[in-house]
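Structure, as structure tokens:
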Amino acid sequence: MKLYSPTTINEIIKKYGIRPIKSLGQNFIIDKNIIDKIIEKSMIGKEDLVIEIGPGIGVLTAAVAEKAAKVIAIEIDENLIPILNETLSEYNNIEIINNDILKTNLEKVLEQNKEVNGQKIKRVKILGNLPYYITTPIIMKIMEDRVAVDSITVMMQKEVADRIVAEPGSKAYGALSVAVQYYCTVTHVANVSKEVFFPRPKVDSTVIRLDLRNEKHIQLNDEDAFFAVVKAGFGQRRKTLLNSLTGIYGLTKDEIGSIIKNAGIDPARRAETLQLQEFAALANMIRPKNN
Ligand code: SAM
1354 MKLYSPTTIN EIIKKYGIRP IKSLGQNFII DKNIIDKIIE KSMIGKEDLV
1404 IEIGPGIGVL TAAVAEKAAK VIAIEIDENL IPILNETLSE YNNIEIINND
1454 ILKTNLEKVL EQNKEVNGQK IKRVKILGNL PYYITTPIIM KIMEDRVAVD
1504 SITVMMQKEV ADRIVAEPGS KAYGALSVAV QYYCTVTHVA NVSKEVFFPR
1554 PKVDSTVIRL DLRNEKHIQL NDEDAFFAVV KAGFGQRRKT LLNSLTGIYG
1604 LTKDEIGSII KNAGIDPARR AETLQLQEFA ALANMIRPKN N
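Counting in my numbering, the sequence shown runs from 1354 upward without gaps.
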């Protein structure tokens, strides 16, 4: 069954009496090239466990099942579960979980799937065509919960992908860029037009791949201080660092001014110009003063 064909989707919709639900971000892929691209860039092997976020009617799920040891597909919409049971019935390596990804204990899911059919799982990968209304919370949850995954290859709205891959000095560079780049190396995979979805969304999409860093590339005394500096800096991104960071941890303007200078940074710069290493240098100087 060609699940990516609009005819098939229409038949399924009719048969089950459903309609794509906008509030759940249901825009189904109708283009085989984009499915192939996501699968290729996920680099899935037979010893991999794959977690798919939001399988919809199973178009990506089926393609992943061909390559992986096992796929665990997490779908919030209970009306799609009987459809998935039908469209994916020929595969015996797919588990469908009817749950909200944001409420799913992924650590527990991984714990229960260390072995599949007596074979040890080597790597865990996450992929999906994300529901756009919760793209950022999903990415942040996986990273902040330190879920032991190797990579995340996901489609999202282009604007969010642009913010994730942004470099210092660009308009899109902000707290999200710093947070994701702190946890992962980021690769832009492809820009995707609105035309390849049914129903067609209002925005363009981008596929990116995030590889979780095994070793920290920046040294932090205190992660909380790092994120506090990033948040304060970008909270008032038009202001100089001296102004946006005044008050952080109760520090006066003079105190924070000396700290910024001691970190080797010009206090007249703005947060949007700082490299990750510079945020780290700043955070490492602020924290000891408060201990
Ligand atoms: N993977 C399918 C495809 O590419 O055709 C569907 C992708 S669609 C953009 C997003 C999917 O995520 C929908 O099936 C939607 O019901 C599901 N979804 C929305 N919110 C979710 C949540 N909080 N947890 C799990 N799945 C969710």
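For every residue, glycine included, the Cβ atom is placed at its ideal position computed from N, Cα and C.
Being a predicted model, the structure only gives us computed values, none of them experimental.
- Contact annotation: I1613 and L1629 have beta-carbon atoms that are not nearer than 8 Å.
- For L1594, the secondary structure class from DSSP, reduced to helix, strand or coil, is helix.
- The beta carbon of V1412 sits closer than 7 Å to those of L1356, Y1357, F1381, I1382, I1388, all from its chain and outside the five residues before and after it, given in chain order.
- For A1525, the closest of K1367, T1360, A1624, D1384 by C-alpha to C-alpha distance is A1624.
- Taken in chain order, the whole alpha helix (DSSP H) runs of length 4 or more contained in the stretch 1567-1634 are 1576-1588, 1594-1598, 1606-1615.
- As the crow flies, the alpha-carbon of R1590 is around 42 Å from that of V1424.
- Contact annotation, G1610 with S1597: C-beta distance approximately 12 Å; criterion of less than 8 Å not satisfied.
- Less than 8 Å separates the beta-carbon of K1394 from that of V1560.
- L1483 sits in coil when the DSSP states are folded into three classes, being neither helix nor strand.
- With respect to the 8 Å criterion, I1517 and V1500 are not classified as neighbours on the basis of their beta carbons.
- The stretch 1541-1550 makes contact with the stretch 1558-1575; the number of CB pairs closer than 8 Å reaches 3 or more.
- Here Y1536 is buried. Its C-beta has 16 or more other C-beta atoms within 10 Å.
- For S1504, the enclosing beta strand (DSSP E) starts and ends at 1504-1510.
- Shown here, V1539 sits in a strand according to DSSP, grouped into three states.
- DSSP, reduced to helix, strand and coil, places L1529 within a helical segment of the structure shown.
- Put simply, the stretch 1499-1513 touches the stretch 1468-1484. At least three CB pairs are less than 8 Å apart.
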